[in-house]
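Here the protein sequences come in this chain order: A and B.
So for the first sequence, the UniProt record's numbering puts the first residue at 1; every next one is plus one.
So for the second sequence, the UniProt record's numbering puts the first residue at 1; every next one is plus one.
Every residue, glycine too, gets a C-beta built ideally from N, C-alpha and C.
The structure under discussion appears below in the form of structure tokens.
Number of protein chains: 2
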Amino acid sequence: MSSQAPHPTLLIPGPIEFDDAVLQSMAHYAESHVAPGFVKTFGETLSLVRKLFQSTNPAAQPFVISGSGTLGWDIVASNLIEKGENALVLHTGYFADSFATCLETYGANATQLKAPIGERPSFEEIEQALKEKPYKLITITHVDTSTGVLSDIRRVAEVVRRVSPETLVVVDGVCSVGCEEIAFDEWDIDVVLTASQKAIGCPPGLSILMLSGRAIDTFKSRKTPPSSYYSSVANWLPIMQNYENFKPSYFATPPTQLVHALHTTLSQITARPMAERFAIHAQASERVKTAVAELGLEQVASKRENQAHAMTAIWLPEGLAPPDVLPGLLKRGVIFAAGLHKQVATKYIRFGHMGVSVTDPNRTDIDKAIAALKEALSEAKQAKGI
Amino acid sequence: MSSQAPHPTLLIPGPIEFDDAVLQSMAHYAESHVAPGFVKTFGETLSLVRKLFQSTNPAAQPFVISGSGTLGWDIVASNLIEKGENALVLHTGYFADSFATCLETYGANATQLKAPIGERPSFEEIEQALKEKPYKLITITHVDTSTGVLSDIRRVAEVVRRVSPETLVVVDGVCSVGCEEIAFDEWDIDVVLTASQKAIGCPPGLSILMLSGRAIDTFKSRKTPPSSYYSSVANWLPIMQNYENFKPSYFATPPTQLVHALHTTLSQITARPMAERFAIHAQASERVKTAVAELGLEQVASKRENQAHAMTAIWLPEGLAPPDVLPGLLKRGVIFAAGLHKQVATKYIRFGHMGVSVTDPNRTDIDKAIAALKEALSEAKQAKGI
Numbered sequence: 001m002s003s004q005a006p007h008p009t010l011l012i013p014g015p016i017e018f019d020d021a022v023l024q025s026m027a028h029y030a031e032s033h034v035a036p037g038f039v040k041t042f043g044e045t046l047s048l049v050r051k052l053f054q055s056t057n058p059a060a061q062p063f064v065i066s067g068s069g070t071l072g073w074d075i076v077a078s079n080l081i082e083k084g085e086n087a088l089v090l091h092t093g094y095f096a097d098s099f100a101t102c103l104e105t106y107g108a109n110a111t112q113l114k115a116p117i118g119e120r121p122s123f124e125e126i127e128q129a130l131k132e133k134p135y136k137l138i139t140i141t142h143v144d145t146s147t148g149v150l151s152d153i154r155r156v157a158e159v160v161r162r163v164s165p166e167t168l169v170v171v172d173g174v175c176s177v178g179c180e181e182i183a184f185d186e187w188d189i190d191v192v193l194t195a196s197q198k199a200i201g202c203p204p205g206l207s208i209l210m211l212s213g214r215a216i217d218t219f220k221s222r223k224t225p226p227s228s229y230y231s232s233v234a235n236w237l238p239i240m241q242n243y244e245n246f247k248p249s250y251f252a253t254p255p256t257q258l259v260h261a262l263h264t265t266l267s268q269i270t271a272r273p274m275a276e277r278f279a280i281h282a283q284a285s286e287r288v289k290t291a292v293a294e295l296g297l298e299q300v301a302s303k304r305e306n307q308a309h310a311m312t313a314i315w316l317p318e319g320l321a322p323p324d325v326l327p328g329l330l331k332r333g334v335i336f337a338a339g340l341h342k343q344v345a346t347k348y349i350r351f352g353h354m355g356v357s358v359t360d361p362n363r364t365d366i367d368k369a370i371a372a373l374k375e376a377l378s379e380a381k382q383a384k385g386i
Numbered sequence: 001m002s003s004q005a006p007h008p009t010l011l012i013p014g015p016i017e018f019d020d021a022v023l024q025s026m027a028h029y030a031e032s033h034v035a036p037g038f039v040k041t042f043g044e045t046l047s048l049v050r051k052l053f054q055s056t057n058p059a060a061q062p063f064v065i066s067g068s069g070t071l072g073w074d075i076v077a078s079n080l081i082e083k084g085e086n087a088l089v090l091h092t093g094y095f096a097d098s099f100a101t102c103l104e105t106y107g108a109n110a111t112q113l114k115a116p117i118g119e120r121p122s123f124e125e126i127e128q129a130l131k132e133k134p135y136k137l138i139t140i141t142h143v144d145t146s147t148g149v150l151s152d153i154r155r156v157a158e159v160v161r162r163v164s165p166e167t168l169v170v171v172d173g174v175c176s177v178g179c180e181e182i183a184f185d186e187w188d189i190d191v192v193l194t195a196s197q198k199a200i201g202c203p204p205g206l207s208i209l210m211l212s213g214r215a216i217d218t219f220k221s222r223k224t225p226p227s228s229y230y231s232s233v234a235n236w237l238p239i240m241q242n243y244e245n246f247k248p249s250y251f252a253t254p255p256t257q258l259v260h261a262l263h264t265t266l267s268q269i270t271a272r273p274m275a276e277r278f279a280i281h282a283q284a285s286e287r288v289k290t291a292v293a294e295l296g297l298e299q300v301a302s303k304r305e306n307q308a309h310a311m312t313a314i315w316l317p318e319g320l321a322p323p324d325v326l327p328g329l330l331k332r333g334v335i336f337a338a339g340l341h342k343q344v345a346t347k348y349i350r351f352g353h354m355g356v357s358v359t360d361p362n363r364t365d366i367d368k369a370i371a372a373l374k375e376a377l378s379e380a381k382q383a384k385g386i
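Encoded structure:
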């Protein structure tokens, strides 16, 4: 039994349902951010982030900073690329547009490589683009929360290393870290930025990043100083290194209670092999996608290989919009999200299936949601005479 | 009785002790950041921020953003001043140096007006400086956490309005909001930036700002776009306006659990007149400062009128350093902070007395701390043969 008050099950692509222990760990009594107790918690948390990314290379560095996932874009844009340098932005939905805007805010030239809605740029197009001009970095949205499109970051990284080996491979893993396979060292990735509130299962409020040795070196060889202050790697790098070595350090007060929550959830996640966790998410995803097909519905992510395992973006039947279906789901105790991709937002809904809702064998969230979707759709069609 | 596990009392100048109800409100079940329940909580929280600042002018705008207090500097530096424009930074300790660095990161020219340690620039010096060149903004650290020096922001604002009426008055209120008097509208202040974890009594992780109509107009008349993305007022202003009107809105996922905690603590704070709260802090401060004087100790803040009411920075007797005294305090169940001002950090300690430790009549934190300080000092002197 959960200690949480009765509530509808939150199955949007983040924030997600919380495990009781994670929630309760935020009720820790007040601590000094530089006292031994908290320093130990924070230091261990950073080491757990390495495990989350299956990384053992000491040249790589995890960061946990107070802020939303969006802050990770500023950290990339103001530290790893300089004014007038080029960024190649692979576009699979809403979030690439925003990342490109962020890069341009700090003076980079962002070139977007766009795919039709529900698809992703091909490896050939990526290779071609990389050969056209020197790119300081390439960004890939691992799972675009607006479309449910999954990118193959491993193969993109291979293409980059072959064609343009110095280009930094930057992964926006906000909706993928904790549920999609990421082998940070082995796949030779330079940055993964993410947030706490999706498959990691922590409340929102933490910007989490992993930087490779190559990324840190790129930062250190900048010709100009970092173009932000709060997002400056120069300010945060010594802090993270110190805490991980259990030495107190101060740049800005860390969000102590959220760090406790992150420590708890990462301890749970890394207590089992990451491969097992990815497999559980893939199985749950398969169940959802099979049920969606059985309802005669199509996914926004059009091909099997580009469908995320943590969420499903579902086209509604012609004549139905999200407000026709979401209240029927809520009535049945389930919360899905409306569409987010501006061009088609009124035509689809999003079902998030990650974290405790799929990993906790005592929960029946997914079955309940599939049943609710079937009933709510049928009710909505009847109401509209479809 | 507190529901919190037994622990030493945290009496540093932030984070501070938590009220049980504030801590427990973070254990709220997961919510969508755009669903009616959370939208109401966030909207009400923003209105409560207005009450905290005693502001009723609809042209002013509160902001609550995921981040530490430091993020507020970036928001000022990247939105309210442009490259090559001048900022006058009043220096009363460590934090002015950092704010100046932040302003310069985004291209402003920061001129620091410094006072000797423990003092503050005189009103005559401020007036003189304002006459020397046009300043886009002036920054004042209301209470410098490194020295315990209190600035008279009301009188500084009067000088600015008289001598250079267009200059924005920017107050760093990280260690003052919730314990030192601030009448945002009446004193004609343009920005107060603060954090959640000091006298507001919320866990760390929220950057809280109040911008005047003049500040918003200054932002809107920029010649260049904001020079950051996550800190951009252009990105956050519509979000805050929408939530306050109970309309869901998305730029970055808000830190839902911390917003609940802020809602709880601001509801508690604003349930009583703010004047009463300031008076309680002033009384507690008086008790601490009298006890410090009775122990024959001097304060870093040298004059009565520039001594903060939320903390006391105490010079240690000649021959003693913080590591000689802090363990003796901890042994007696009390945590103070070491010095922070680089030039003199080894010569003083800091005692924070704010929030529930002074406002909750059931707590004896201050008496316990005063007794512990007396004993720990005497023990330390004996050990050193002083």
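Task: Boundaries (first-last residue) of the alpha helix (DSSP H) holding A:F38 - done: Position 38 of the first sequence holds residue 38 of chain A. Following the DSSP letters along the chain, one finds A:F38 inside the alpha helix (DSSP H) bounded by residues 36–52.
Open item on the list: Using only CA atoms, which one of A:A108, A:A110, A:I65, A:V149 lies nearest to A:M210?
Closed with: The residue you call residue 210 of chain A lines up with position 210 of the first sequence. Selected option, being the one with the closest Cα: A:I65.
Task: Which listed residue (B:E318, B:S302, B:G67, B:M354) has its alpha carbon closest to that of B:R287 - done: As a first step, residue 287 of chain B is located in the second sequence; it is residue number 287 there, counting from the start. B:R287 has its Cα closest to that of B:M354, out of B:E318, B:S302, B:G67, B:M354.
- [ ] Run the CB neighbour count on B:Y250, radius 10 Å, all protein chains shown included, and call it buried at 16 or more, exposed below.
- [x] One-based indexing of the second sequence puts residue 250 of chain B at position 250. Classification of B:Y250: exposed, given that the 10 Å Cβ count is below 16.
Open item on the list: Below 7 Å on C-beta distance, what does A:G118 contact in chain B?
Closed with: Translated into positions along the first sequence, residue 118 of chain A becomes position 118. The premise fails here: A:G118 is roughly 21 Å from chain B at the closest Cβ pair, so nothing lies under 7 Å.
Open item on the list: In the DSSP assignment, the beta strand (DSSP E) including B:K114 goes from what residue to what residue?
Closed with: The residue labelled residue 114 of chain B in the question sits at position 114 within the second sequence. Counting along the chain, B:K114 sits inside the beta strand (DSSP E) bounded by residues 109–114.
Open item on the list: Going by DSSP in three states, A:L320 sits in which element: helix, strand or coil?
Closed with: Taking the first residue of the first sequence as 1, we reach residue 320 of chain A at position 320. It is coil, neither helix nor strand.
- [ ] Tell me, please, whether the CB atom of A:A35 is closer than 8 Å to any CB atom in chain B?
- [x] If you number the first sequence from 1, residue 35 of chain A lands on position 35. For A:A35, the answer is yes, since a Cβ of chain B falls inside 8 Å of its Cβ.
Open item on the list: Please report whether the beta-carbon of A:Y243 lies at a distance below 8 Å from any beta-carbon of chain B.
Closed with: Within the first sequence, residue 243 of chain A is the residue found at index 243, counting from 1. Among the residues facing chain B, A:Y243 is not included, as its CB has no counterpart in that chain under 8 Å away.
Task: Bridge-paired residues (DSSP) for residue 393 of chain B - done: Nothing about residue 393 of chain B can be reported from this structure: the residues present for chain B run from 1 to 386 only.
- [ ] Report the three-state DSSP secondary structure of B:D144 (helix, strand or coil).
- [x] Locating residue 144 of chain B in the second sequence gives position 144, counting from the first residue. Correct three-state label for B:D144: strand.
Open item on the list: For A:S207 and A:A383, I'd like the C-alpha separation in whole angstroms.
Closed with: Taking the first sequence and counting its residues from 1, the one referred to as residue 207 of chain A is at position 207. Taking the first sequence and counting its residues from 1, the one referred to as residue 383 of chain A is at position 383. Using only the alpha carbons, I get a separation of about 43 Å.
Task: Members of the segment 258–280 of chain A that neighbour chain B once the beta carbon cut-off is set at 7 Å - done: Listed by position along the chain: L258.
- [ ] Could you tell me the distance, in whole angstroms, from the CA atom of B:A30 to the CA atom of B:V259?
- [x] Position 30 of the second sequence, counted from the start, is the residue given in the question as residue 30 of chain B. Position 259 of the second sequence, counted from the start, is the residue given in the question as residue 259 of chain B. Each residue's alpha carbon lies about 12 Å from the other.
TODO: Under 9 Å between beta-carbons, which chain B residues line up against A:E17? List them in chain order, please.
DONE: In the first sequence, residue 17 of chain A corresponds to position 17, counting from 1. Here the neighbours are Y29, A30.
Task: Neighbour-count burial assignment, A:S151, 16 or more Cβ in a 10 Å radius - done: In the first sequence, residue 151 of chain A corresponds to position 151, counting from 1. The Cβ neighbour count for A:S151, taken over all protein chains shown within 10 Å, is at least 16; the residue is labelled buried.
TODO: Consult DSSP for B:S3 and reduce its assignment to one of helix, strand or coil.
DONE: Translated into positions along the second sequence, residue 3 of chain B becomes position 3. The answer is coil: DSSP assigns B:S3 none of H, G, I, E or B.
Open item on the list: Strictly by DSSP, which residues pair up with B:N86?
Closed with: Sequence index remark: in the second sequence, residue 86 of chain B carries index 86 (1-based). Under DSSP, B:N86 takes part in a beta bridge, and its partners are B:N109.
- [ ] Identify every residue that forms a DSSP beta bridge with B:P225.
- [x] As a working mapping, residue 225 of chain B is identified with position 225 in the second sequence. BP columns for B:P225 are empty, so no partner.
Open item on the list: Against A:I12, what residues of chain B qualify as contacts under a CB-to-CB distance less than 8 Å, listed in chain order?
Closed with: As a working mapping, residue 12 of chain A is identified with position 12 in the first sequence. Within 8 Å Cβ-Cβ: S32.
Open item on the list: Looking at chain B, is there any beta carbon in it that lies within less than 8 Å of the beta carbon of A:G67?
Closed with: Taking the first sequence and counting its residues from 1, the one referred to as residue 67 of chain A is at position 67. Cβ-Cβ to chain B under 8 Å: yes for A:G67.
- [ ] Compare the C-beta of B:Q112 with all C-beta atoms of chain A and state if any pair is closer than 8 Å.
- [x] Here residue 112 of chain B refers to the residue found at position 112 when the second sequence is read from its first residue. The C-beta of B:Q112 comes no closer than 8 Å to any C-beta of chain A.
Open item on the list: Taking 8 Å as the cut-off, does the segment 126–144 of chain B touch the segment 158–168 of chain B (at least 3 CB pairs, one atom from each stretch)?
Closed with: Enough Cβ pairs lie closer than 8 Å, so yes.
TODO: State the DSSP-derived secondary structure class of A:M210, mapped to helix, strand or coil.
DONE: For the purposes of this step, residue 210 of chain A is identified with residue 210 of the first sequence, where counting begins at 1. Three-state result, A:M210: strand.
- [ ] Specify, as a first and last residue, the run of the alpha helix (DSSP H) that B:A383 falls within.
- [x] Here residue 383 of chain B is taken as the residue at index 383 of the second sequence, counted from 1. Unbroken alpha helix (DSSP H) run through B:A383: 365–384.
Task: Continuous alpha helix (DSSP H) stretch holding B:V160: start and end - done: In the second sequence, counting from the first residue as 1, residue 160 of chain B sits at position 160. Note, B:V160: alpha helix (DSSP H), 153–163.
Open item on the list: Using C-beta distances below 8 Å, list every residue in its chain close to A:D20, excluding the 5 sequence neighbours before and after it, in chain order.
Closed with: In the first sequence, residue 20 of chain A corresponds to position 20, counting from 1. So the qualifying residues of the chain are S2, S3, Q4.
- [ ] Rounded to whole angstroms, what's the CA-CA distance from B:A77 to B:V344? Just pull it up for me.
- [x] Numbered from its first residue, the second sequence carries residue 77 of chain B at position 77. Numbered from its first residue, the second sequence carries residue 344 of chain B at position 344. Spanning the two alpha carbons is a distance of roughly 29 Å.
Open item on the list: Just to check my reading of the structure: A:G352 and A:M311 have Cβ atoms closer than 8 Å, yes? What is that Cβ distance to the nearest angstrom?
Closed with: Looking up residue 352 of chain A in the first sequence gives position 352. Looking up residue 311 of chain A in the first sequence gives position 311. Rounded, the Cβ-Cβ distance is 5 Å, consistent with contact.
Task: As assigned by DSSP and simplified to three states, the class of A:H281 - done: By 1-based counting over the first sequence, the position of residue 281 of chain A is 281. Under the three-state reduction of DSSP, A:H281 is assigned to helix.
Task: Backbone secondary structure at B:D172 - three-state DSSP - done: Taking the first residue of the second sequence as position 1, residue 172 of chain B is located at position 172. Here B:D172 sits in strand by DSSP.
Task: Neighbour flag for B:Y230 against chain A, beta carbons, 8 Å - done: Here residue 230 of chain B refers to the residue found at position 230 of the second sequence. Yes - at least one Cβ of chain A is within 8 Å of the one on B:Y230.
Open item on the list: Checking 8 Å against the spacing of the C-beta atoms, do A:L90 and A:L137 come in under that value?
Closed with: As a first step, residue 90 of chain A must be located in the first sequence, where it is residue number 90. As a first step, residue 137 of chain A must be located in the first sequence, where it is residue number 137. No, the Cβ-Cβ distance between A:L90 and A:L137 is not below 8 Å.
TODO: Rounded to whole angstroms, what's the CA-CA distance from B:L330 to B:E85? Just pull it up for me.
DONE: Locating residue 330 of chain B in the second sequence gives position 330, where the first residue counts as 1. Locating residue 85 of chain B in the second sequence gives position 85, where the first residue counts as 1. Straight across, the Cα-Cα distance linking B:L330 with B:E85 is about 47 Å.
TODO: Please confirm if A:D74 has its CB atom under 8 Å from at least one CB of chain B.
DONE: Here residue 74 of chain A is taken as the residue at index 74 of the first sequence, counted from 1. For A:D74, the answer is yes, since a Cβ of chain B falls inside 8 Å of its Cβ.
Task: Partners in chain D for B:G43, counting only beta-carbon separations shorter than 8 Å - done: Although the question refers to chain D, the structure presented lacks it and instead comprises the protein chains A and B.
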